[in-house]
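Enquirer: I'd like to ask you about the structure that follows.
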Amino acid sequence: MDYHSPANFAEASALAASATGITRFLAGGTDVLVQLRSELVTPDTLIDVKKIEGVSDIIRNADGSWTIGVAATGAEMSEHPELGGDWPGVVEAMDLIGSTQVQGRATLTGNLCNGSPAADSVPAMVAAGVTVTVTGPDGDREVAVEDIPTGPGKTSLAKGELVSAVNIPARGDNGGDAYLRFIPRTEMDIAVVGVGVNLRLDGDTVTEARVSLGAVAPTVLLVEDCAKAIVGSTLGDAALDALAAAAFAACNPIDDKRGTIAFRTEVAGVLAKRAAKIAYARAKGEQA
Amino acid sequence: MALDDRKSEFSFVGTRPNRPDGLDKVTGRAKFGADISAPGMLHGAILRSPHAHARIVKIDTSKAEAHKDVKAVVTRADFADVPFKPGLEGEFWNVLENVMAGEKALYDGHAVAAIAATSALAARDALKLIEVEYEVLPHVTDVDKAMASDAPVIREGAADYSVPAGMHPNVVRYHESGHGDVEAGFAEADLVIEDSFVTEATHQGYIEPHACLGMLGNDGKGELWCTTQGHWIAQKTCAALLGIETSQLRVTASEIGGGFGGKTTVFIEPVALALSRKANRPVKLVMTRSEVFRATGPTSSASMDIKIGMKKDGTISAAQGVFRLQGGAFPGAPGDMTAMCAFAPYNLTNVKQIGYDVMANRPKQAAYRAPGAPMGAFAVESVIDELCKKLDLDPVDVRLKNAAHEGTKASYGPRYERIGLVETLEAAKAHPHYSAPLKPGQGRGISCGFWFNHGGETSVSLSLSEDGSAQLMVGTPDIGGSRASMALMAAEVLGIPYENIRVTIADTATLGYNDVSHGSRVTYASGLATIKAANHAVEKLCERAAASWGIPTDAVKWENGCAVPSGPNAGDFDPRPLADITTHMGSTGGPISGHFEATPEGAGVSFGTHIVDAEVDPETGKTAITRYTVIQDAGKAIHPTYVEGQYQGGAAQGIGWALNEEYIYGEDGRLQNSIFLDYRIPVASDLPMIDTVIVEVPNPGHPFGVRGVGETGIVPPLAAIANAVSHAAGVRMRQLPMSPPRILAALKDNG
C-alpha cells in the first residue's frame with residue numbers, strides 16, 4: 000500500500016489520476032480505516048488530505064455562506080459559535096454520527112464520499128442545498144450534494160477527482176432546518192431512516208422547502224413531492240399528512256438486518272412530519 | 000429470621016470497601032488476555048468457514064507453509080483422536096469438533112485451519128494462501144425447522160438415550176418432569192390460556208475478546224495464559240484435545256474483561272497450543288469481534304408452547320410447557336434447564352414440562368448467566384400476566400398467592416429449603432415503584448425468576464506473613480468483584496483489616512481442581528472455602544498461643560483478631576494479636592497457613608422479582624425503559640455494592656436481550672450482524688437508573704448465609720419488559736427481541 004500526503008488538492012488529484020488499483024482518500028479515516036481493518040476494502044493507494052493547508056477551516060463568507068474544509072470534524076462544527084445558529088439541522092446531523100471519539104475525526108466530506116444511503120449528514124446537506132467543490136485533472140467544478148452518491152458505496156466522482164470544499168448557502172431570513180433519524184437505540188447507531196427538512200417562511204406560510212430522505216433508497220433522495228406538499232401551507236395537519244404521504248411514496252427501501260421495508264416506509268412519513276415541525280419552529284425563531 | 004448456628008453479626012461483611020483490582024484496572028496496569036507476550040512469540044490466525052454447512056473435501060496448506068513468515072499450519076489432524084460419544088458424554092469430542100472442524104464445517108465461522116506467523120498481519124494475510132475445497136450442504140438455523148422431518152441432518156448418532164424414538168436426529172436430548180395431573184388441573188381452571196413464544200439467540204457481549212498465549216513443547220509440557228472463567232477446565236480440556244497429561248500443562252487466568260458464562264469453555268486455546276507445538280515457539284491468538292460473534296458461544300434460541308389454568312381467585316390449577324432450544328451444531332442446548340426453571344417460582348399441584356435440545360447450523364451455545372432460564376420465564380410469566388389481566392387480578396398478589404416457600408415441592412422435583420421468593424414479592428408490593436402513577440403510553444410489567452445456583456469443586460489456601468498480613472489464593476477467576484468479597488470474609492474470620500489481605504487467582508499448579516466461575520458459585524463456594532481455610536489458620540494461631548502460655552489448645556479462643564484464654568479458668572494472659580504470633584512463627588513451628596477443599600452442596604436456590612416501566616412510541620414502535628427496579632434474595636450480601644452491580648448488570652443485559660439484541664442469519668445461513676454496530680447491545684443512554692433492593696433470607700448452606708447472585712438477575716427481565724411493553728403498546732408481544740419493526744407490525748395488525 001502506498002501512502003501519500005500531498006500539499007495541495009491539485010497534487011492529490013494528480014496522484015489519484017495516476018494511481019492503479021484501489022485508491023482511497025483519507026480525511027478522518029472513520030470509514031476508510033475501519034474498512035481497512037475489517038478487510039472490506041484494502042486500498043493500494045491511500046492519499047491523506049489532512050496536510051493540505053486550510054482543510055480544517057470553517058469559514059463564514061462575506062455573503063453569509065459557509066465554506067467547510069474537507070477535514071473539519073464533527074466536533075469542530077458542533078463547537079463553532081455561529082455555524083449551528085445558521086444551520087442547526089446540518090450540525091445536529093453531523094453530531095449524531097458515532098461516538099465522541101469518532102466526532103473528533105469524522106468529516107462531512109467523508110460521510111458524503113463513503114456513499115452510504117444511511118449517512119446522517121447527507122440528507123441534512125441535501126435539504127440545506129449544500130454543494131461541494133470537486134477538484135480533478137481538469138480543474139474545479141461545483142456539484143450539488145445530491146448528485147455525488149450514485150448507489151451504496153458509489154459516487155459520481157471520476158478517477159482523479161476529489162472533494163476539496165463543502166459550500167453551505169447563506170441561511171437568509173425566516174429559514175430553518177432540521178434532521179431526524181430513527182435508530183432503535185439512543186445513540187451510537189446507524190440510521191434506519193433519516194429525514195432532512197429545510198424551509199423558509201413568509202409570515203406563517205412556507206414559501207420554500209427542500210425535503211430529503213436517507214436510508215430508504217439506494218441513495219439519499221431529494222423529494223420534490225414532499226416539498227410541494229408543504230409549500231404554500233402553514234404546516235397544518237392536512238399539509239403534514241400530505242408530506243408523510245409523499246415521503247411514503249418516495250421510499251424504495253430494502254429489507255435488511257437494520258429494518259424492514261414496511262417499517263422504513265412508515266417511519267419515513269412519521270419523521271418527515273416531526274422534522275418539518277422543528278424546521279418550521281426554527282424558521283419562526285422559536286426554540287426547537 | 001435468626002439462625003442459632005449461624006453468624007449474623009459482622010464487622011467486615013456487609014461493608015463497601017474499594018475493590019482491590021480497581022486501581023490496576025483504571026490505570027491500565029491490569030493484564031488482560033491480550034496483554035502478554037513472550038520472547039520469540041508468534042501470532043496466530045484462524046481460517047473460518049464461509050458456509051453454514053459444508054463437507055470439507057480437501058485442505059491444501061502447502062502454499063501457506065511455504066511462505067517465509069509462516070512457522071506452522073494446523074488442521075484437525077494436529078489434534079488428538081478424541082472418542083465420539085452421543086449427547087454430552089462426548090463433550091471433549093464436541094469441544095474438539097467445535098475448536099477445529101473435522102469432516103464438515105458446521106456453521107458460518109467454524110474454524111477449519113490455523114496459522115502461526117511472525118506477525119499478526121502476516122498470519123492474517125497467509126490465511127488467504129490456504130485452499131479449502133468445500134461441498135456445500137443444505138443448512139438449517141431455525142429451531143422449529145431443525146426438528147422438522149425434512150431438515151438437513153447435522154450429525155447422525157449425536158442423540159443420547161433420553162430422546163424418544165422417531166424424532167429427527169437433530170434432537171439430541173430430551174427432558175420431561177413434573178408432578179400431579181395437568182389435565183385434571185386444567186379442568187378445574189376458570190380460565191386456561193395457551194400461547195406460543197419465540198426468542199432469538201443473543202451474545203453475552205463481553206467487551207474483552209478471547210485471547211491467549213500458549214506454549215507447548217514436543218515433550219508434552221506446556222504453559223497457557225488465557226482469559227477464562229475457569230482455568231482448570233481449560234487445562235483439562237486442552238490436555239485432552241492435544242493428547243498430553245493434564246498436570247503437564249500449567250494454566251494461568253488473566254484478568255477477565257467480562258464472561259457471563261461465555262468464557263466457561265475453550266475456543267482458541269487448544270489451537271494456540273497446537274500451533275506452538277508445531278512451531279516450537281509461543282503462539283498468541285486474539286479473536287476479532289467478528290470472530291467472537293461468529294464462533295464463540297451465544298445463547299440458544301427458543302420456541303415454546305405454554306398452557307396455564309387459573310381459578311378466579313388467582314390460584315394456578317395446572318401449568319404445562321414445551322421448550323425447544325437450539326444450541327448450535329452440538330448437543331448442549333439447555334432445554335432441560337429451561338423446563339426445570341420455568342415454573343420453579345410457584346407452588347403447583349399439577350405441573351408438566353418438556354425440554355428439547357436441538358442442533359442447528361450455528362455456533363455451539365454457551366452459558367449466558369442462568370442458561371436457559373430467561374427464555375422459559377419470558378414465556379411463562381407472559382401467560383401469567385395475560386391471565387391476571389383477563390381475570391382482573393393484581394400480578395403481584397397472584398404471584399404471592401402461588402409463590403413457592405420452604406417445604407414446597409419444586410416443579411423440578413425436590414422440596415425447597417428456606418427460600419426468599421415471598422420476601423422479594425412483598426418488597427415489590429411495598430416498593431414506591433409499584434404504586435407510582437404511569438403516564439399515557441407507558442406500561443408496567445413484573446416478573447419473577449428462579450435459578451438453581453451451584454457449589455462445585457473448590458480448593459482455597461491462605462497463608463499468613465510474618466508482619467501479620469495474609470495471602471489468599473483462590474481458583475475462581477474474579478468476574479464480579481469476588482476478590483473483594485473473599486477478602487471481606489477472610490477479614491471477618493481472622494479479625495485483621497480488609498486491606499491487609501491480598502487475594503490472588505492462583506494458577507493450576509498452585510491449588511487443587513477448581514470448578515469454573517459459573518453457577519453463581521464463587522461467593523458461595525470459594526467464600527465458604529475461604530472461611531474454612533481462615534478458620535484452619537486460626538486453629539493453628541490458637542495452638543501457637545496455647546503453647547506459649549503453656550495451656551491446652553482448647554483453652555484458647557480467637558476473638559477480634561487475637562488469641563485469648565477461652566475463660567477465667569484457662570488462666571490470665573494478655574491477648575496475643577495475629578501479628579504478634581506470626582512474627583515469631585518461624586521459631587515456634589514454622590509457617591502458618593490454612594487450607595480447605597470440598598464440593599459444597601448447599602448453594603441455596605435464588606429468586607428475584609423485577610418491576611419495569613416501558614414507554615412505546617406508537618408511531619415508530621420504539622421502546623424506552625423509563626424505570627426499573629430489581630429485587631432479589633442474596634442470602635447475605637458480603638459486599639453490597641457488587642451485589643447491586645450484579646442486579647443492575649442482569650437488568651441491563653436483559654433490556655438488550657428483550658428489545659434489540661439478536662443473531663440475524665441470512666438465507667445463506669451466514670450471520671448478518673457480527674459487529675457491535677448491528678448487534679445492538681444497549682448503550683448507557685438507553686438505560687434508566689436501575690434501582691435495587693437486596694433481600695437477605697440467609698442460605699442455611701453457607702456459614703454467613705450467602706446465596707449466589709450472578710445469574711438470577713437475568714431471568715426476570717425478558718418477561719418483565721415484555722409485560723411492560725405489551726401493556727404500553729396494548730398488544731401482547733410473543734417474540735423477542737421486541738425491536739421497533741416488530742412492535743410497529745404488531746400495532747398495525749392490532750388495528
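From first to last, the protein sequence lines stand for chains A and B.
For the first sequence, position 104 (counting from the first letter as 1) is numbered 103 according to numbering that gives the first Met the number 0, and the numbering increases by one without interruption.
For the second sequence, position 6 (counting from the first letter as 1) is numbered 5 according to numbering that gives the first Met the number 0, and the numbering increases by one without interruption.
Note that beta-carbon positions come from the ideal geometry of N, C-alpha and C, so glycine has one too.
#1: State whether the stretch 257–272 of chain B contacts the stretch 48–62 of chain B, with contact taken as three or more CB pairs (one from each stretch) at a distance under 8 Å.
#2: Rounded to whole angstroms, what's the CA-CA distance from B/Ser565 to B/Met485? Just pull it up for me.
#3: Show which residues of chain A have a CB atom less than 7 Å away from the CB atom of B/Asn672.
#4: Would you call B/Ala1 buried or exposed, if buried means 16 or more other Cβ atoms sit within 10 Å of its Cβ?
#5: The alpha helix (DSSP H) that contains A/Ala244, what's its start and end?
#6: Does the beta-carbon distance from B/Lys635 to B/Val705 come in below 8 Å?
#7: Using the beta-carbon of each residue, which ones in chain A are nearer than 7 Å to B/Ser684?
#8: B/Ser738 versus chain A: which residues are under 7 Å apart at the beta carbon?
#9: Determine, using beta carbons only, whether B/Glu207 comes closer than 8 Å to chain A.
#10: Against chain A, does B/Glu199 count as a neighbour if the rule is that its beta carbon must be under 8 Å from one of theirs?
#11: Quick check on this structure: which residue in B/Glu268, B/Met488 and B/Pro168 has the alpha carbon closest to the alpha carbon of B/Pro16?
#12: Please state whether the Cβ-Cβ distance between B/Gly444 and B/Ile720 is less than 8 Å.
#13: Short of 7 Å in beta carbon distance, which residues of its chain neighbour B/Ala554, apart from the five on each side in sequence? Order them along the chain.
#14: 8 Å is my cut-off, CB to CB: does A/Thr264 come that close to chain B?
#15: Under three-state DSSP, which class holds B/Ala110?
#16: Is A/Val269 close to chain B, meaning its C-beta is less than 8 Å from at least one C-beta of that chain?
#17: Could one say the Cβ of B/Lys389 lies closer than 8 Å to chain A's Cβ atoms, at least one of them?
#18: I'd like the list of long-range same chain contacts for B/Pro639, defined as Cβ closer than 7 Å, with 5 residues on each side in sequence excluded.
#19: With a CB to CB cut of under 8 Å and the five nearest residues on each side skipped, what residues in its chain are close to A/Ala248?
#20: Unbroken beta strand (DSSP E) runs of length 3 or more, entirely within the stretch 26–101 of chain B: which are they?
#21: Is it right to say B/Ser302 is buried, meaning 16 or more other beta carbons lie within 10 angstroms of its own, or is it exposed?
#22: Distance cutoff 8 Å, beta carbons only. Does B/Leu2 sit that close to anything in chain A?
#23: Contact defined as beta carbons within less than 8 Å: I believe B/Asn93 pairs with B/Phe329. What is the distance between those atoms, to the nearest angstrom?
#24: Contact defined as beta carbons within less than 8 Å: I believe B/Gly229 pairs with B/Asp573. What is the distance between those atoms, to the nearest angstrom?
#25: What are the start and end residues of each continuous alpha helix (DSSP H) run of 4 or more residues lying completely inside the stretch 270–299 of chain B, in chain order?
#26: Got a sec, what are the start and stop residues for the beta strand (DSSP E) A/Gly213 sits in?
#27: Mind listing the chain B neighbours of A/Ala261? Cutoff is C-beta to C-beta under 9 Å, in chain order.
#28: Rounding to the nearest angstrom, what Cα-Cα distance links B/Val696 and B/Pro85 in this structure?
#29: Do you know offhand how far A/Gly235's Cα is from A/Asp176's?
#30: Any Cβ of chain A within less than 8 Å of the Cβ of B/Arg679?
#31: Closer than 6 Å by C-beta to B/Glu558: which residues in its own chain qualify, once you throw out the five before and the five after it? Chain order, please.
#32: Expressed to the nearest angstrom, what Euclidean distance is found between the alpha-carbon atoms of B/Ala273 and A/Tyr2?
#33: Less than 8 Å between the CB atoms is what I'm expecting for A/Val192 and A/Arg184, so what's the real figure, rounded?
#34: At a CB-CB cut-off below 7 Å, which residues of chain B make contact with A/Ile189?
#35: What did DSSP end up calling B/Val714 once you bin it into helix, strand or coil?
Expert: In brief:
#1: no
#2: 28 Å
#3: Lys256
#4: Note that B/Ala1 has pLDDT 43, beneath the 50 cutoff, so the model's placement of it is unreliable and the number below is only indicative. So B/Ala1 ends up on the exposed side.
#5: Asp236 to Ala249
#6: yes
#7: For the C-beta of B/Ser684, the chain A residues within less than 7 Å are, from N- to C-terminus, Thr185 and Glu186.
#8: Pro183
#9: no
#10: No, because no Cβ of chain A sits closer than 8 Å to the Cβ of B/Glu199.
#11: B/Met488
#12: Between B/Gly444 and B/Ile720, the gap from beta carbon to beta carbon is short of 8 Å.
#13: Ala545, Pro564, Ser565 and Ala569
#14: Interface flag for A/Thr264 against chain B is unset, since no Cβ pair is found closer than 8 Å.
#15: strand
#16: yes
#17: no
#18: Gly13, Arg15 and Ile693
#19: Asp224
#20: Secondary structure within the stretch 26–101 of chain B: the beta strand (DSSP E) runs of 3 or more consecutive residues, fully enclosed, are 41–47, 53–59 and 69–73 (chain order).
#21: buried
#22: Legend: pLDDT at B/Leu2 = 48, less than 50; position of this residue unreliable, no value from coordinates given.
#23: 5 Å
#24: Not a contact, Cβ separation roughly 46 Å.
#25: 288–294
#26: Thr204 to Gly213
#27: Pro740, Leu743, Ala744 and Lys747
#28: 41 Å
#29: 18 Å
#30: With 8 Å as the cut-off, B/Arg679 counts as an interface residue toward chain A.
#31: The beta carbon of B/Glu558 sits closer than 6 Å to no other beta carbon from its chain once the five residues preceding and following it are set aside.
#32: Linking B/Ala273 to A/Tyr2 through their CA atoms gives a straight-line distance of about 38 Å.
#33: No, A/Val192 and A/Arg184 are not in contact; Cβ-Cβ is about 14 Å, not under 8 Å.
#34: In chain order: Leu676.
#35: Three-state DSSP puts B/Val714 in coil, outside helix and strand.
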